[in-house]
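A.B. asks:
Numbering (UniProt numbering), first residue to last: 1 to 675.
Next comes the structure, spelled out in structure tokens:
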């Protein structure tokens with residue numbers, strides 16, 4: 001790979017409509033609440049109490065003991081959180097506003113006030129009883145059942161370093177580079193570093209087994225051949241292991257193999273041997289070929305068998321199972337006991353005999369046994385299954401640049417340099433380092449140490465990690481707040497340097513996969529959430545809730561034509577309606593716009609004189625639309641003459657029912673005078 005690497009471009013995603021993941025300078029705040037909880041969540045007593053959610057956006061644990069919640073701007077210390085009340089990093093705490101006043105640390109918390117669904121003041125206050133962390137003032141707007149309200153945060157997120165950014169890597173042989181390589185002494189000559197490639201950097205020699213799907217080596221109904229011996233002339237070669245074996249003269253068909261002078265097994269028998277076997281021999285030889293394409297992937301071997309009465313199973317000539325069979329088999333052996341439940345599958349674990357299976361062509365051979373010459377039935381119906389397994393490396397999905405040859409058994413340390421750019425004028429309020437790592441690291445931005453994990457106090461060129469990072473932890477990005485080091489960034493070219501650490505030179509794996517994000521909060525607004533998320537990040541938000549549609553004429557039976565007016569009290573909303581029974585939406589129906597953005601919409605449909613299904617809703621961009629209202633106006637004169645199958649109506653009463661018939665029985669109305 002060439003030495004001239006492009007500097008990674010900043011990847012920007014603006015107006016990210018999420019709560020901030022890392023607002024390290026931000027307080028805990030009320031992120032969401034519900035003032036009309038009809039069916040969203042219950043408290044420990046099974047009541048649908050109002051609730052308030054607190055969010056700690058910082059990447060450190062915060063104890064909010066002594067903070068206050070209040071619904072009274074004149075009493076900021078109305079209800080105090082108990083000690084301790086710990087909210088984990090980027091975590092949430094739900095407090096029920098039930099007026100129960102429960103303040104026991106570690107238990108469910110309840111304020112001494114309820115929330116007013118019509119709107120009121122709400123605030124979170126610092127322990128000094130004066131400083132307001134955040135508030136809804138002078139009052140939050142009227143609330144709707146099971147729709148929450150809270151803070152919507154719009155963020156700018158710049159991915160300064162993303163996974164897969166180009167890096168130069170070396171495994172140091174001495175201390176000659178000192179700390180010059182960390183970016184504080186640019187330009188630094190890394191042309192002699194031997195490894196160039198994308199992050200993540202590392203290696204893995206630990207193999208794990210991942211179970212895959214179950215496959216059927218021998219399924220039901222596959223080709224089979226059967227033979228009823230009259231002497232011992234075939235010996236044992238027919239059992240497989242000495243292929244090719246000439247079975248061209250055998251009975252040909254598919255599984256199951258057998259006979260029934262009655263009818264119990266008729267639906268299971270595809271190769272009938274009654275004429276050759278009944279009252280002739282208790283034994284039947286059966287050969288079923290099967291193919292194995294990926295032998296190392298087989299992890300189990302399970303034989304499922306429908307059988308009447310006994311059998312011995314062989315795979316490629318090796319006996320793998322004997323069921324109700326004599327110890328010494330011969331060409332005319334019989335079962336040692338009857339088995340009347342042959343229609344059910346019995347399952348046998350043959351995994352210990354997995355070594356009998358070979359790659360490519362195989363033979364499952366069954367020595368079938370009946371319980372007497374005159375037995376009325378016989379059945380052999382096998383199914384052979386296996387669970388696939390795959391061998392994977394734990395970090396295989398994250399390692400893009402492998403350094404096993406350069407590092408394993410050589411050094412516990414490796415150096416990485418990742419160039420990146422910062423746009424002109426960028427000034428980040430939050431800086432976050434995200435890391436997947438095994439086992440430790442020290443991170444530098446332009447020579448300034450910004451973070452470390454499992455690192456020694458005085459690192460050297462051959463230092464080792466001070467603790468092992470578990471595989472499961474290493475596979476998850478850990479977000480580390482480094483906002484205190486935003487001053488280390490410069491406009492233009494920058495260096496993120498990583499001192500990757502293993503627990504020792506002989507360690508079996510290493511992973512170094514960093515990302516760096518710069519973030520700014522662009523705006524915080526109060527909005528509605530149609531899908532409440534207590535104890536979790538807020539979902540898609542809405543500016544407001546469109547007021548329900550109102551109809552001047554309600555549904556019912558009519559004889560004379562009339563006009564109907566539809567309104568919504570929300571200024572700037574659009575009414576959308578249909579007359580064909582379909583659901584109105586932004587893409588379906590007739591739209592009626594308001595006169596202007598400050599005027600509520602209204603429309604009048606004149607001269608409704610026939611049976612009509614009127615459906616309507618009110619919509620507004622960025623607002624939660626109304627439910628769809630349906631008004632059915634039925635004119636008796638239409639009902640009396642409606643056809644059997646009106647256009648657009650269902651043709652069946654239900655998906656599994658008979659044909660629909662909408663016609664009025666003529667005898668019920670033929671003498672009625674509708675005039």
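For each residue, glycine too, the CB sits at the ideal point set by N, CA and C. As the structure is a computational prediction, the values presented were derived from the model and not from experiment.
Give me the Cβ distance between residue 579 and residue 626, rounded to the nearest whole Å; I'm assuming they're in contact under 8 Å.
C.D. replies: At roughly 18 Å, the Cβ-Cβ gap does not stay under 8 Å, so residue 579 and residue 626 are not in contact.
A.B. asks: Assign residue 113 to one of two classes, buried (16 or more other C-beta atoms within 10 Å of its C-beta) or exposed (fewer than that).
C.D. replies: By the 10 Å Cβ count, residue 113 comes out buried.
A.B. asks: Apart from the five residues just before and just after residue 232, which ones in its own chain have a Cβ nearer than 8 Å to its Cβ?
C.D. replies: Taken in chain order, the residues that qualify are 330 and 331.
A.B. asks: For residue 29, does the count of other Cβ atoms within 10 angstroms reach 16, so buried, or fall short, so exposed?
C.D. replies: Flag for residue 29 reads buried.
A.B. asks: Using a threshold of 8 Å, state whether the C-beta atoms of residue 594 and residue 584 are closer than that.
C.D. replies: It is not a contact, given that the beta carbons lie outside the stated cut-off.
A.B. asks: Tell me the DSSP bridge mates of residue 362?
C.D. replies: DSSP, once it has assigned bridges, lists 290 as partnering residue 362.
A.B. asks: Identify, in the order they occur along the chain, each residue of the same chain with its Cβ nearer than 7 Å to the Cβ of residue 322, setting aside the five sequence neighbours on each side.
C.D. replies: 312.
A.B. asks: By the DSSP assignment, the beta strand (DSSP E) with residue 416 in it spans what residues?
C.D. replies: Taken as a continuous stretch (DSSP letters only), the beta strand (DSSP E) holding residue 416 covers 413-422.
A.B. asks: Would you mind sorting residue 568 into buried or exposed? The rule is 16 or more other CB atoms within 10 Å of its CB.
C.D. replies: Flag for residue 568 reads buried.
A.B. asks: Can you find the residues in the same chain that come closer than 6 Å, C-beta to C-beta, to residue 70, ignoring five residues on each side of it along the sequence?
C.D. replies: 76, 78 and 123.
A.B. asks: If you compare alpha carbons, which of 426, 574, 478 and 590 is closest to residue 490?
C.D. replies: Ranking the options by Cα distance to residue 490, first place goes to 426.
A.B. asks: Compute the Euclidean distance between the alpha carbons of residue 660 and residue 643, then round it to the nearest angstrom.
C.D. replies: Looking at the two C-alpha atoms, the distance is approximately 11 Å.
A.B. asks: Distance, Cα to Cα, residue 651 vs residue 519?
C.D. replies: When rounded, the distance between both Cα atoms is 58 Å.
A.B. asks: Quick one: Cα of residue 65 to Cα of residue 42, how far?
C.D. replies: Approximately 24 Å, taken between the alpha carbons.
A.B. asks: Residue 389 bridges to which residues according to DSSP?
C.D. replies: DSSP, once it has assigned bridges, lists 211 as partnering residue 389.
A.B. asks: Using a 10 Å radius around the Cβ and a threshold of 16 neighbouring Cβ atoms, would you call residue 81 buried or exposed?
C.D. replies: Per the 10 Å Cβ criterion, buried.
A.B. asks: Hey, could you find the ends of the beta strand (DSSP E) residue 34 is sitting in?
C.D. replies: It spans 29-34 - the beta strand (DSSP E) in which residue 34 sits, taken as one unbroken run.
A.B. asks: Report the residue ranges of all beta strand (DSSP E) runs contained in full by the UniProt domain "LTD" (16-140); include only those spanning at least 3 residues, in chain order.
C.D. replies: Counting only runs of 3 or more, we get 29-34, 50-56, 68-70, 91-97, 122-125 and 132-136.
A.B. asks: Name the two residues that bound the continuous alpha helix (DSSP H) containing residue 275.
C.D. replies: Its alpha helix (DSSP H) spans residues 274-277.
A.B. asks: According to DSSP, which residues form a beta bridge with residue 516?
C.D. replies: Answer by DSSP bridge pairing, in chain order: 161 and 433.
A.B. asks: Tell me residue 319's beta-bridge partners as DSSP assigns them.
C.D. replies: Paired residue(s): 314.
A.B. asks: Closest to residue 51 by CA distance: which of 101, 57, 34 and 637 is it?
C.D. replies: Looking at the Cα atoms, 34 is the closest of the given residues.
A.B. asks: Is the beta carbon of residue 503 sitting closer than 8 Å to the one on residue 468?
C.D. replies: Yes, they are a contact pair.
A.B. asks: If you drop the 5 nearest sequence neighbours on each side, which residues of the same chain put their C-beta closer than 6 Å to that of residue 148?
C.D. replies: If we look at residue 148 and ignore the five residues flanking it on each side, its Cβ neighbours are 32, 34, 529 and 532.
A.B. asks: Relative to the C-alpha of residue 372, which candidate in 501, 338, 542 and 217 has its C-alpha closest?
C.D. replies: Taking only the C-alpha atoms, the option nearest residue 372 is 338.
A.B. asks: Check residue 149 in the structure and name its three-state DSSP category.
C.D. replies: Correct three-state label for residue 149: strand.
A.B. asks: Output needed for residue 84: all residues of its chain with C-beta closer than 8 Å, excluding positions within five of it in sequence on either side, in chain order.
C.D. replies: Excluding sequence neighbours, residue 84 sits near 63, 65 and 105.
A.B. asks: Using C-beta distances below 6 Å, list every residue in its chain close to residue 471, excluding the 5 sequence neighbours before and after it, in chain order.
C.D. replies: If we look at residue 471 and ignore the five residues flanking it on each side, its Cβ neighbours are 394.
A.B. asks: Judging by CA-CA distance, which residue of 349, 404, 264 and 367 is the nearest neighbour of residue 701?
C.D. replies: This structure does not reach residue 701, given that the chain is present from 1 up to 675, and the question cannot be answered.
A.B. asks: Alpha carbon to alpha carbon, what distance is there between residue 27 and residue 441?
C.D. replies: Spanning the two alpha carbons is a distance of roughly 29 Å.
A.B. asks: Strictly by DSSP, which residues pair up with residue 631?
C.D. replies: 614.
A.B. asks: In terms of residues, what are the limits of the alpha helix (DSSP H) holding residue 201?
C.D. replies: Looking at the DSSP string, residue 201 is not in any alpha helix (DSSP H); the run it does join, the beta strand (DSSP E), is 201-204.
A.B. asks: Run the proximity test for residue 604: is its beta-carbon closer than 7 Å to any non-hydrogen atom belonging to the ligand HEM?
C.D. replies: The ligand HEM is absent from the structure shown, which contains no ligand whatsoever.
A.B. asks: Can you name, in chain order, every residue of its own chain whose Cβ lies under 8 Å from the Cβ of residue 20, other than the five neighbours on each side?
C.D. replies: Reliability fails at residue 20, whose pLDDT of 35 lies under 50, so the model's placement of it is uncertain and the value that follows must be treated cautiously. For residue 20, where only same-chain residues beyond five positions count, the Cβ hits under 8 Å are 26, 57, 153, 155, 430, 519 and 521.
A.B. asks: Note down the Cα distance separating residue 89 from residue 461, rounded to an integer number of angstroms.
C.D. replies: Taking the straight line joining both Cα atoms gives about 33 Å.
A.B. asks: Identify whether residue 380 lies in helix, strand or coil by the three-state DSSP scheme.
C.D. replies: In the structure shown, residue 380 sits in a strand (DSSP, three-state: E or B).
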